[in-house]
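So the structure is just underneath, and the comments pick up after that.
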Amino acid sequence: MAGYVREVSRRIFAQEFRESNLTFKDGDDQYSPQYLLTPTGAKVNRLFIVGTLIEKEDIGTDSEYWRGRVSDPTGSFMIYAGQYQPEAAQFLAECETPAFVAIVGKPSTYTTAEGTVLTSVRPESISLVDGATRDLWVADTAKRTLERIKDLDSMDPNVIKAKEHYGADNTQYSSMVKEALRSLKEDI
Amino acid sequence: MDKKFAPHIEELTKALENISRSTIEDELELLLKYRVPIDEAKRSILKKFQNDSLVSKKVNDLAIGDKGIALEVRILNINEKNVNLRGDTATIFSGALADETGLCSFTSWKPISLNPGDAIRIRNATVRAWHNRAEVSIGDRSEVELLEETYLPDISELSVTPVKKLDEVGYSDMFISSVAAVIELYHRDVNVKGKDLTIIEGVMADETSRLPFVSWSLLDGVDIGTILRFEDASVSMYRGVPSIHLNESTSVHIVEPDEHLPFTFASVNLPPKPLPIGEVLQNEGMFDVSVEGNIVSIRPGSGVIARCPECNRVIMKNTCRSHGVVEGIQDMRIKLILDDGTGSLLVMLNRELSEIVYGKTLQESESLMGKAMSANVVYDDMKSILTGHYLGVRGNTSKIEYGVTFVAKSVWVPSEDLDKRVSALLERLEGVE
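So this is what it looks like as structure tokens:
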């Protein structure tokens, strides 16, 4: 039997994450892992985000259910933490905004009645970090996104699937990466 | 069996070429008898037999635990042995086989009549671990067929010891020849079968990689900085990391300083450049590598722990599994998951490195536990302080049952010049648009 391999944490900018709406499973077992396929062909089962927590709100009725908004240079991630994410929920309950945070989490999607797919993050952990870590993350994510854009010509089945679904045009993502990098230049 | 299942059986037989129709029928009938729904039963049968379909492999692709392997190889040597198998005396055959990619040992548990130089096709062999490396095992269900014609190189060519760069040395090498610089060296006194010996241990490097080595002779004139050319050194594997053994049958020469090589002592005696974690995971074991990434998780078992004074094992409630109730020795460690976006890796930090990374000593952590009256407080504190942060580590990796583990020897905070990186990335972007 092939050993259990921990899913890698992908680096995705908020804009690309928000524009993703294709989920699929590897294998037909009900326990097969679920993935979100992004427009640049990242196969995401877990992601790592560093950004600024700008809003938080307890939207739960009976028990606590926290919603947070984490911004990066390209947009923002919605994160939801309830009783099954006790550590993350506790963090959100106690923290101040704004704050630089690092989040490890799973992508989650919700299809509205109109058929629009909304993406959000179910955090496994949230922790406080400093501004330097945030800037490094932006540079790392730019690098990984750029690598994926360059790989869009490859015959990788995920890349082909992504191009079929989202279209082959990727100029918006290279300009997104550029904007993100320029924002770092201004900060320095 | 009921006629209505015929199409399903048809479908399964098509999908599983090597499995006989009657086996599939029996299997399906059994599951249906146990009230398993037909779709679930089909899925289960596919899964059960799919791994049994034969996979053709080359010798250097063999992995421990492989089943249903087909190989086309030449026998290099073969010996008959009488062994005691569960009380009965049995005759087995063992030796070495090779193809153009490498060689490996084999054992046949059934009589085969083969000679050195024979080219054979083995079907349905398994691969098991023997001396920490892969060995082809020919059992009752395996078939061996003598080949009249083969593309395989001649035996004289296959038995030549290959000349390799250090990063090419792996499971399929039992002997190698190479050129490498000695970058670490120390003497060690050992006792082998009642005799006191002094041996040399150290690390060798070329432009591709570095590997540990052992020499059973004292290597006159060899010191750190010497470049060695050696032939017929034996290779042993431990947890996926090869080590090179120089013994009586190895010829070792010191390379003259004027000879031109693709590396110098100075060029290889540098700290290893960080590798993408995805690349590290593809290797069984790697010696002296470094990686950088984010700490995405601190695993349970991190924090202040107690060890048995006899065997150094981690113990709970002062009770050791093999030594009973003992006075535990306090220790600290961190098991963390490092992730750089290409892969994620379990990294182990010992007490010294944990104290550096965590920023608190063992004593400080113990007093923290005392104040909080809780053993978990250090683990929780580590999680909130460390998760998300960048960390660079240098050390060795090995593959164990739970996957690849990285044992760190040194740690640092990556401090690449952000401005330079951003400019370099912006430059690369120009090429995309």
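Listed in order, the protein sequences are those of chains A and B.
Every letter in the first sequence is one number past the one before it in UniProt numbering, and letter 159, counting from 1, is 159.
Every letter in the second sequence is one number past the one before it in UniProt numbering, and letter 277, counting from 1, is 277.
No residue lacks a Cβ here, since even glycine has one placed at the ideal position from N, Cα and C.
>> Measuring only the C-alpha atoms, how far is N338 of chain B from S20 of chain B?
In response: Going by the sequence as given, residue 338 of chain B is Leu instead of Asn. About 47 Å.
>> Please report the distance separating the alpha-carbon of V192 of chain B from that of S243 of chain B.
In response: 19 Å
> In or out: C311 of chain B buried (at least 16 other Cβ within 10 Å) or exposed?
Replying inline: exposed
>> Quick check on this structure: which residue in B:A119, B:V347, B:V378 and B:V326 has the alpha carbon closest to the alpha carbon of G303 of chain B?
In response: B:V378
> According to DSSP, which residues form a beta bridge with I356 of chain B?
Replying inline: For I356 of chain B, which the question treats as bridged, DSSP gives no partner whatsoever.
>> I believe D72 of chain A touches F100 of chain A by the beta-carbon criterion, under 8 Å. Please report the beta-carbon distance rounded to the nearest angstrom.
In response: At roughly 11 Å, the Cβ-Cβ gap does not stay under 8 Å, so D72 of chain A and F100 of chain A are not in contact.
>> In whole angstroms, give me the CA-to-CA distance for Y34 of chain B and T23 of chain B.
In response: 17 Å
> Taking C-alpha atoms, which residue in B:R239, B:S236, B:L228 and B:P276 lies nearest to F265 of chain B?
Replying inline: B:L228
> In the DSSP assignment, what are the bridge partners of E57 of chain A?
Replying inline: A:R67
> Between the Cα of P153 of chain B and the Cα atoms of B:D88, B:S172 and B:L76, which residue gives the shortest distance?
Replying inline: B:L76
>> From the DSSP secondary-structure annotation, give me the bridge partner or partners of T89 of chain B.
In response: B:N84
> What beta strand (DSSP E) runs, 3 residues minimum, are completely inside the region 397 to 431 of chain B?
Replying inline: 403 to 412
> In whole angstroms, what is the alpha-carbon distance linking S105 of chain B and A134 of chain B?
Replying inline: 8 Å
>> Could you tell me the alpha carbon to alpha carbon distance between H187 of chain B and Q90 of chain A, rounded to whole angstroms?
In response: 55 Å
>> Considering only the alpha carbon of each residue, which of B:H323, B:A181 and B:L270 lies closest to I254 of chain B?
In response: B:A181
> Using Cβ-Cβ distances below 7 Å, what residues of the region 35 to 67 of chain A are close to chain B?
Replying inline: F48 and V50
> With DSSP run on the structure shown, which of helix, strand or coil describes D140 of chain B?
Replying inline: coil
>> Could you tell me the alpha carbon to alpha carbon distance between Y173 of chain A and R18 of chain A, rounded to whole angstroms?
In response: 12 Å
>> Please classify S125 of chain A as buried or exposed, where buried requires at least 16 neighbouring CB atoms within 10 angstroms.
In response: buried
>> Nearest by alpha-carbon distance to L185 of chain B: which of B:G221, B:S423, B:S159 and B:Y171 is it?
In response: B:G221
> Is the beta carbon of L353 of chain B sitting closer than 7 Å to the one on A408 of chain B?
Replying inline: yes
>> Using only CA atoms, which one of B:G117, B:V179 and B:S137 lies nearest to R123 of chain B?
In response: B:S137
> By the 10 Å Cβ neighbour count, where 16 or more other Cβ atoms means buried, how is D99 of chain B classified, buried or exposed?
Replying inline: buried
> In its own chain, which residues sit with a C-beta less than 6 Å from the C-beta of S56 of chain B, not counting the 5 before and 5 after it?
Replying inline: A70
> Is there at least one Cβ from chain B nearer than 7 Å to L152 of chain A's Cβ?
Replying inline: no
> How big is the Cα-Cα spacing for P271 of chain B and I54 of chain A?
Replying inline: 41 Å
> Listed in chain order, which residues of the region 297 to 314 of chain B have Cβ atoms closer than 8 Å to some Cβ of chain A?
Replying inline: S297
>> Using only the alpha-carbon positions, how far apart do S9 of chain A and R46 of chain A sit?
In response: 5 Å
> Is there a Cβ from chain B that is less than 7 Å from the Cβ of A180 of chain A?
Replying inline: no
> In this structure, does DSSP put V8 of chain A in helix, strand or coil?
Replying inline: coil
> Under a three-way DSSP split, which group does H131 of chain B fall into?
Replying inline: coil
> Who are the near neighbours of P414 of chain B in its chain, counting only those whose CB is closer than 7 Å to its CB and skipping five residues on each side?
Replying inline: E292, Y390 and G392
> Is Q30 of chain A buried or exposed, if buried means 16 or more other CB atoms sit within 10 Å of its CB?
Replying inline: exposed
> Alpha carbon to alpha carbon, what distance is there between D58 of chain A and E87 of chain A?
Replying inline: 15 Å
> How should T141 of chain A be labelled, buried or exposed, when 16 other C-beta atoms within 10 angstroms of its C-beta is the threshold for buried?
Replying inline: buried
> Does L426 of chain B have its Cβ less than 7 Å from a Cβ in chain A?
Replying inline: yes
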